[in-house]
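J.: Chains as they are written, first to last, in our numbering: chain Z, 191 to 607; chain C, -9 to 293; chain A, 16 to 340. Backbone N, C-alpha and C define an ideal beta-carbon position, used for all residues, glycine too. Got a structure here, written out as structure tokens. Questions coming.
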Amino acid sequence: MRARTLMAMGGAAALLAVAACTPSGGSGGGDSNEIVWAIGGAEAQPGGIHQKVAELWNELNPDTPVRIEILPNEADQQREQQALELQAEGSGFDVLGVDVIWTGEYQENGWLESLEDVRDQIEPVVLPGPFESAIWGGELWAAPYNTNAGFLYYRTDLVDTPPTTWEELCEIAIEVGQEEGIGGYIAQGAQYEGFVVNWLEFYWGTGGDLFNSDQSQVVFDVDRATQATEFMAEALDSGCFAPGFNTAMEEEARNEFQSGNAVFMRNWPYAYSLIEDDAESPANGNFGIAPMPTFDGQGTISTLGGFNLAVSAFSDNKEAAKEFVVWAATDPQVQRMLATEASVPPVMASVYEELSDDPVMALLGEVLADARPRPASPAWNEISVEMQRALFPAYNGDADARDAAETVRSFLESTIN
Amino acid sequence: MTSTTADPVRPKATRSLDLKSRRAARRRDAAQLWGKTALLGVILLWCLFPFFWLIMTSLKQGDRALNSPNLFQGPFGFQNYLAVFQQNFHLNLRNSFVVAGTTTILCVVIGTLCAYAIARLPMKGKVLLLSGVLAVSLFPPVALVPPLYELWRSLGLLNTWEGLYIPYTAFTLPLTVFILTAFFSSIPRDLEEAAKIDGATPFQAFFKIVLPLASPGVFAAAIIIFVQAWNEFLLASTFAPRHPEIAQTVPVAIAYFTGAVEYQRPIGTITAACVVVTIPMIIMALIFQKRIVSGLIAGSVKG
Amino acid sequence: MVRATVTPDSGDASQAPVSQNDQPTDRGSPPPRLRQGLSERALGRLFVSPSILLMALVALFPVIWAFVLSLQLYNRRQPQGFGGFQNYLEALTMPRFWDSIQFTFLFTVTSVTAEFVIGMGFALLMNQSFRGRGVTRAAILVPWVIPTVVAAQMWFFMFNITPGFINNLLGLENFNWLGQRGWATFAVVFADVWKTAPFVALLLLAGLQTIPGDVYESARVDGAGPFARFWHITLPLLRPAILVALLFRTVEALRVYDLPQVMTRGAFDTESLSMLVQQYVVRTPDPGFGAALSTLTFVLILGIGLIFVRLLGRDLVIGTEGSRR
Chain Z
191 MRARTLMAMG GAAALLAVAA CTPSGGSGGG DSNEIVWAIG GAEAQPGGIH QKVAELWNEL
251 NPDTPVRIEI LPNEADQQRE QQALELQAEG SGFDVLGVDV IWTGEYQENG WLESLEDVRD
311 QIEPVVLPGP FESAIWGGEL WAAPYNTNAG FLYYRTDLVD TPPTTWEELC EIAIEVGQEE
371 GIGGYIAQGA QYEGFVVNWL EFYWGTGGDL FNSDQSQVVF DVDRATQATE FMAEALDSGC
431 FAPGFNTAME EEARNEFQSG NAVFMRNWPY AYSLIEDDAE SPANGNFGIA PMPTFDGQGT
491 ISTLGGFNLA VSAFSDNKEA AKEFVVWAAT DPQVQRMLAT EASVPPVMAS VYEELSDDPV
551 MALLGEVLAD ARPRPASPAW NEISVEMQRA LFPAYNGDAD ARDAAETVRS FLESTIN
Chain C
-9 MTSTTADPVR PKATRSLDLK SRRAARRRDA AQLWGKTALL GVILLWCLFP FFWLIMTSLK
51 QGDRALNSPN LFQGPFGFQN YLAVFQQNFH LNLRNSFVVA GTTTILCVVI GTLCAYAIAR
111 LPMKGKVLLL SGVLAVSLFP PVALVPPLYE LWRSLGLLNT WEGLYIPYTA FTLPLTVFIL
171 TAFFSSIPRD LEEAAKIDGA TPFQAFFKIV LPLASPGVFA AAIIIFVQAW NEFLLASTFA
231 PRHPEIAQTV PVAIAYFTGA VEYQRPIGTI TAACVVVTIP MIIMALIFQK RIVSGLIAGS
291 VKG
Chain A
16 MVRATVTPDS GDASQAPVSQ NDQPTDRGSP PPRLRQGLSE RALGRLFVSP SILLMALVAL
76 FPVIWAFVLS LQLYNRRQPQ GFGGFQNYLE ALTMPRFWDS IQFTFLFTVT SVTAEFVIGM
136 GFALLMNQSF RGRGVTRAAI LVPWVIPTVV AAQMWFFMFN ITPGFINNLL GLENFNWLGQ
196 RGWATFAVVF ADVWKTAPFV ALLLLAGLQT IPGDVYESAR VDGAGPFARF WHITLPLLRP
256 AILVALLFRT VEALRVYDLP QVMTRGAFDT ESLSMLVQQY VVRTPDPGFG AALSTLTFVL
316 ILGIGLIFVR LLGRDLVIGT EGSRR
């Protein structure tokens, strides 16, 4: 009987091997006029804002319809999938949704079509920060699509006026935190890209920078970097930073603030409506937003996020794809839709003026003016990894802050030439 | 040795002593039973608590409940499951079943033959062969991806079931061969010899005598292969990244779940999908492992 | 003990009578031929070839490719010409490489040891008959069938301060499991043990089935207690299964990626070798250096794997030793 079972298994194997010819699905190649837009995340899902933008385009341009090829949720995996296709010089993607930090890398690999010839259509209407993130080597490689900036969330029932300096923020955080028995400031402190974003906000807040404007020289200031890292280390020790700061990403930070366990939070605008929707949250109705503090109380600094749209160098449909990305960056209706229908921060300056009644948009309009992109260098991924590896242990007290800053500086220098 | 000296004492034992020892034995049994039950409880808790967390989380609705450390924070409902199946998850399940099933069958059939040859048949350089087989599975998978991707692309194997179960079979064969070789070599040789004396060919000796006896090993290997192929992510996400209607498997599909807005973590749908894929696996494991445990008994009756 | 009955066979192989059976290539029409009987040697070659063929076809090409690649120099993805062993030299002099080896070894030794002990316990339990053993057996396998990526996220959730299930459960206010050296490693090892002890259990359980009951019976008659029976009978007879389980757990643990990647992202000295390889192949691609790191990892793991194969070789091949000569 046992032998018969095994015989049956063998038979089934043969059957399956014959039958296991993959069903040929309807996708692949398809229309040569079709524009395939490779982008991921929540807004690329059915019903998301990217889909609505595509629908709008398809109404206006039925001859060159856009179809979204949905990529995974995590940015790293999105980049991986695009890289596989582009490395093989495949024409599967026409328009690429590229994170603002990928521009230089993609360009260096020869994966992008230059948008220099449509620069004058884009530059006048788009915010300078997001525009800068699409420039590498003095040339435009992508059309900004949406942007993002962080700001300070604070509890209005516990804090009268939002702090403008980091010292002030920590004083309040410790004092109020102890009174209420909750944590102080929560942000993105885990070892990942988000930590670099946060550290840069501290560092830029001291007046330092990484490169000069055309990124030909390193202007990294070791003293200021040390100051920023040491401040974080102290804040972690003194209880200014909420427990779990050094393992928190966006969602952990939001969760901590939303459940009433933190006085302050640094986060992207997405958290605003989620906290507003949570009727049981202690923060609901009791929180406000303000620009991020700096060390001297002057101005504000935020690191830019967001996605640009680039045209693949291997696209069979470059002209139409180019038209599409320019349209998405500069059409007031599209850019307005991003803000009103999905609270995705648009890149078009005029939209912020129009929507200044909305508290988030009003603050974003203010913050974005001073927001900075991370360098568009092709080496950004390596720089980021190196910064994480040097600065994360330093602020956790496992390494010397000055040594860490020196390491970062010499690495930055090695990426130039 | 000790029992031979103890034996003559037994008949002389008095009634009362016998009773006392029986009572002691009963008490010992009771203590043992309690100990066993407690141990079982600990084991069940250890294994199942996280799964219980998965189930509870998958039933939670809304951002607040999902991010709460309280397992019983409601509201509860089946929304996450509905959301999962709205994303063509049944197609992903189908793909995973075909890919993992085919891998299992191919691996067991091919691997059994190879293992039997190594364990039993005369051959030169067996240790070298085993080393080579092992080496196949040891290269860091992430480094295999770029060259294989190019190769698959030129062979037209991207986005196909074949493109997945062929490498799965190749990379799981080493484990299969090792498990089965260990089993075949632990089966007493005299059974085969007897069969051969009765006029069986080497193949018949293998197929009718050794194979049934090794069935616990075969089924253990089958479960392991199936689960590994079912859960594989790296190759699946590279060779068949999109299109549930073609070949996208379950773990890859899970990586495409998103929250309602950017950054929001899709815990609800991930846990729901995980429960959906785990339950058939548990049933499968139950059926297969019955074979593992009863295999020898059934086999020895036959032999 | 069991092998005492084994008689070496040499007759059949040498006697192999029919000459046309020496061509193992024809797999199309087996039945008539099988009746005559293939010689054992031919049968051996026939049985081995599909495995070897498939593994060679799929695995050989990328390994050779990687080795060739590892001799090239790159600046990110831009080729810079032939570099000989420069990539290897660079890898071997990188402190980060040795740090990741240290973590990987620590992780492997601790997790495999714990998995073996717990897995053995599970296997012995699953092998007994008691009420509710069906449920128990299914329960023991649950952790292992949960996809690794999901399990990793789950344990991140459990251990992390927010939302903090474990702290809640144990009444530890804000213990930062993942945010400090040592405990971060512990959490990763713990998650791995939870996840893969059932794998070990399954292999050992299957191994237990091959131990005939009468061996225990005679030992019990000899007055051996349960511990002595385990030590003197179970363990030695289970040796091949144990070695196979340890071998594959070890080489898997040496290539651990998902758990530390999701739970700690390599912070607090929890960066594994595979994470390092992944970084240079995918995250900050340098194909040459990535391939060199992969090759080094491969050689290292193969070296450790071969120790097991040597140990195993005796057990697995011993039966045919006689016929080989």
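Residue ranges of each beta strand (DSSP E) run of no fewer than 3 residues wholly in the segment 490 to 566 of chain Z, ordered along the chain?
T.: 494 to 501, all fully within the segment 490 to 566 of chain Z.
J.: I172 of chain C: which of A:P110, A:F214, A:E55, A:A221 sits nearest, CA to CA?
T.: For the purposes of this step, residue 172 of chain C is taken as the residue at position 182 of the second sequence. Checking the sequence, you will find Ala at residue 172 of chain C rather than Ile. If we check each option's Cα against that of A172 of chain C, A:A221 comes out closest.
J.: Leaving out five residues on either side along the sequence, give the residues of the same chain with a beta carbon under 7 Å from the beta carbon of E383 of chain Z.
T.: The sequence position of residue 383 of chain Z within the first sequence is 193, counting from 1. So the qualifying residues of the chain are S574.
J.: Which residue from A:L104, A:T163, A:T225 puts its Cα closest to that of L203 of chain C?
T.: Walking along the second sequence from the start, residue 203 of chain C turns up at place 213. It is A:T225.
J.: Tell me where the beta strand (DSSP E) around L342 of chain Z begins and ends.
T.: Taking the first residue of the first sequence as 1, we reach residue 342 of chain Z at position 152. Taken as a continuous stretch (DSSP letters only), the beta strand (DSSP E) holding L342 of chain Z covers 341 to 345.
J.: Hey, does T40 of chain A have any beta-carbon neighbour from chain C nearer than 8 Å?
T.: Your numbering for residue 40 of chain A matches position 25 in the third sequence. Low confidence applies to T40 of chain A: its pLDDT is 41, below 50, so where it sits in the model is not reliable enough to give any reading.
J.: Work out the CA separation of A73 of chain C and N263 of chain Z for me, nearest whole Å.
T.: By one-based count along the first sequence, residue 263 of chain Z stands at place 73. By one-based count along the second sequence, residue 73 of chain C stands at place 83. One C-alpha to the other measures close to 16 Å.
J.: Give the DSSP-derived three-state secondary structure of G475 of chain Z in the structure shown.
T.: Translated into the one-based positions of the first sequence, residue 475 of chain Z becomes position 285. Three-state DSSP puts G475 of chain Z in coil, outside helix and strand.
J.: Apply the 10 Å Cβ neighbour rule to I239 of chain Z and answer buried if 16 or more other Cβ atoms are within range, or exposed otherwise.
T.: The count along the first sequence starts at 1 and reaches residue 239 of chain Z at position 49. Per the 10 Å Cβ criterion, buried.
J.: Inspect the beta-carbon positions of L163 of chain C and I100 of chain C and report whether they are closer than 8 Å.
T.: As a working mapping, residue 163 of chain C is identified with position 173 in the second sequence. As a working mapping, residue 100 of chain C is identified with position 110 in the second sequence. Closer than 8 Å, so yes.
J.: Starting from the C-beta of A569 of chain Z, find all residues in its chain whose C-beta is less than 7 Å away, skip the five residues before and the five after it, and write them out in chain order.
T.: For the purposes of this step, residue 569 of chain Z is taken as residue 379 along the first sequence, with counting starting at 1. Once the five neighbours on either side are set aside, the close Cβ partners of A569 of chain Z are T605.
J.: What in chain C is Cβ-close to V203 of chain A, meaning under 8 Å?
T.: Counted from its first residue, the third sequence places residue 203 of chain A at position 188. By Cβ distance, chain C contributes nothing, its closest Cβ being about 15 Å from V203 of chain A, past 8 Å.
J.: Would a C-beta distance cut-off of 8 Å place C430 of chain Z and A363 of chain Z closer than the cut-off?
T.: Walking along the first sequence from the start, residue 430 of chain Z turns up at place 240. Walking along the first sequence from the start, residue 363 of chain Z turns up at place 173. Against a cut-off of 8 Å, the Cβ pair of A363 of chain Z and C430 of chain Z comes out as a contact.
J.: Is the Cβ-Cβ distance between V240 of chain C and V267 of chain C less than 8 Å?
T.: On the second sequence, residue 240 of chain C is found 250 positions in, with the first residue counted as 1. On the second sequence, residue 267 of chain C is found 277 positions in, with the first residue counted as 1. It is a contact, given that the beta carbons lie within the stated cut-off.
J.: Tell me the rounded alpha-carbon separation between S58 of chain C and G281 of chain A.
T.: Taking the second sequence and counting its residues from 1, one reaches residue 58 of chain C at position 68. Taking the third sequence and counting its residues from 1, one reaches residue 281 of chain A at position 266. Whole-angstrom Cα-Cα distance: 26 Å.
J.: Distance check for F497 of chain Z and L602 of chain Z, CA to CA, integer angstroms please.
T.: Stepping through the first sequence from its first residue, residue 602 of chain Z is reached at position 412. Stepping through the first sequence from its first residue, residue 497 of chain Z is reached at position 307. Distance between the alpha carbons of L602 of chain Z and F497 of chain Z is about 24 Å.
J.: What is the DSSP secondary structure of W326 of chain Z, counted as helix, strand or coil?
T.: Locating residue 326 of chain Z in the first sequence gives position 136, where the first residue counts as 1. DSSP places W326 of chain Z in strand when its eight states are reduced to three.
J.: Look at the alpha carbon of V324 of chain A and the alpha carbon of P112 of chain C, and state the distance between them as a whole number of angstroms.
T.: Counting from 1 along the third sequence, the entry for residue 324 of chain A is found at position 309. Counting from 1 along the second sequence, the entry for residue 112 of chain C is found at position 122. Their backbone Cα atoms lie some 19 Å apart in a straight line.
J.: Taking 8 Å as the CB-CB limit, is G215 of chain Z close to chain A?
T.: Within the first sequence, the letter at position 25 stands for residue 215 of chain Z. With a pLDDT of 47 at G215 of chain Z, under the threshold of 50, the modelled position of this residue cannot be trusted, and the question is left open.
J.: Is S126 of chain A close to chain C, meaning its C-beta is less than 8 Å from at least one C-beta of that chain?
T.: Residue numbering aside, residue 126 of chain A sits at position 111 when the third sequence is read from its first letter. No, its Cβ sits nowhere closer than 8 Å to a Cβ of chain C.
J.: Could you give the distance in angstroms between the alpha-carbon of A234 of chain A and the alpha-carbon of N70 of chain C?
T.: Within the third sequence, numbered from 1, the residue matching residue 234 of chain A stands at position 219. Within the second sequence, numbered from 1, the residue matching residue 70 of chain C stands at position 80. Straight-line Cα distance between these residues: approximately 56 Å.
J.: Given a cut-off of 8 Å, decide if Y343 of chain Z and F454 of chain Z are closer than it, judged by their beta-carbon atoms.
T.: To locate residue 454 of chain Z, count along the first sequence from 1; it is residue 264. To locate residue 343 of chain Z, count along the first sequence from 1; it is residue 153. Cβ distance < 8 Å, so F454 of chain Z and Y343 of chain Z count as in contact.
J.: With H, G and I counted as helix, E and B as strand and the rest as coil, what does DSSP make of Q87 of chain A?
T.: Taking the first residue of the third sequence as position 1, residue 87 of chain A is located at position 72. Residue state, collapsed to three classes: strand.
J.: By how many angstroms is the C-alpha of L84 of chain A removed from the C-alpha of G96 of chain A?
T.: The count along the third sequence starts at 1 and reaches residue 96 of chain A at position 81. The count along the third sequence starts at 1 and reaches residue 84 of chain A at position 69. Cα-Cα distance, rounded: 11 Å.
J.: Leaving out five residues before and five after A190 of chain C in sequence, what residues of the same chain have Cβ atoms less than 8 Å from its Cβ?
T.: In the second sequence, residue 190 of chain C corresponds to position 200, counting from 1. Around A190 of chain C: K198, I199.
J.: Can you pull the chain C neighbours of I155 of chain A, defined as C-beta to C-beta under 8 Å?
T.: Working through the third sequence from its first residue, we reach residue 155 of chain A at position 140. Correct list: I33, C37.
J.: Here's the rule I'm using: 16 or more other beta-carbon atoms within 10 Å means buried, otherwise exposed. How should S28 of chain C be labelled?
T.: Here residue 28 of chain C refers to the residue found at position 38 when the second sequence is read from its first residue. Correcting the residue type first, residue 28 of chain C is Ala in the shown sequence and not Ser. Exposed, since its Cβ has fewer than 16 Cβ neighbours within 10 Å.
J.: Write down the C-beta distance between Y253 of chain C and W356 of chain Z rounded to the nearest angstrom, noting that I regard them as a contact closer than 8 Å.
T.: Locating residue 253 of chain C in the second sequence gives position 263, where the first residue counts as 1. Locating residue 356 of chain Z in the first sequence gives position 166, where the first residue counts as 1. Their Cβ separation, rounded to whole angstroms, is 24 Å, which puts Y253 of chain C and W356 of chain Z out of contact at 8 Å.
J.: So, at 6 Å on beta carbons, what are the nonlocal neighbours of G147 of chain A in its own chain, with the 5 sequence-adjacent residues on each side left out?
T.: To locate residue 147 of chain A, count along the third sequence from 1; it is residue 132. Taken in chain order, the list of residues that qualify is empty.
J.: How about Q101 of chain A and L88 of chain A: are their beta carbons less than 8 Å apart?
T.: On the third sequence, position 86 is the one that residue 101 of chain A refers to. On the third sequence, position 73 is the one that residue 88 of chain A refers to. Yes, the Cβ-Cβ distance between Q101 of chain A and L88 of chain A is below 8 Å.
J.: Could you tell me which chain A residues have their CB closer than 7 Å to the CB of N263 of chain Z, listed as they occur along the chain?
T.: For the purposes of this step, residue 263 of chain Z is taken as residue 73 along the first sequence, with counting starting at 1. Within chain A, no residue comes near N263 of chain Z; the closest Cβ sits about 12 Å away, beyond 7 Å.
J.: What residues from chain Z crowd round L193 of chain A, counting only those whose CB sits closer than 8 Å?
T.: Locating residue 193 of chain A in the third sequence gives position 178, where the first residue counts as 1. The answer, in chain order, is T437.
J.: Mapping the DSSP letters down to three states, classify I372 of chain Z as helix, strand or coil.
T.: Translated into the one-based positions of the first sequence, residue 372 of chain Z becomes position 182. Coil, per DSSP.
J.: Please state the DSSP three-state secondary structure of T151 of chain A.
T.: As a first step, residue 151 of chain A must be located in the third sequence, where it is residue number 136. Looking at T151 of chain A - three-state DSSP - the assignment turns out to be helix.
J.: I'd like the list of long-range same chain contacts for A503 of chain Z, defined as Cβ closer than 7 Å, with 5 residues on each side in sequence excluded.
T.: Translated into positions along the first sequence, residue 503 of chain Z becomes position 313. The answer, listed in chain order, is G300, W301, L302, E303.
J.: Per DSSP, W227 of chain Z forms a beta bridge with which residues?
T.: For the purposes of this step, residue 227 of chain Z is taken as the residue at position 37 of the first sequence. DSSP, once it has assigned bridges, lists Z:I258, Z:V285 as partnering W227 of chain Z.
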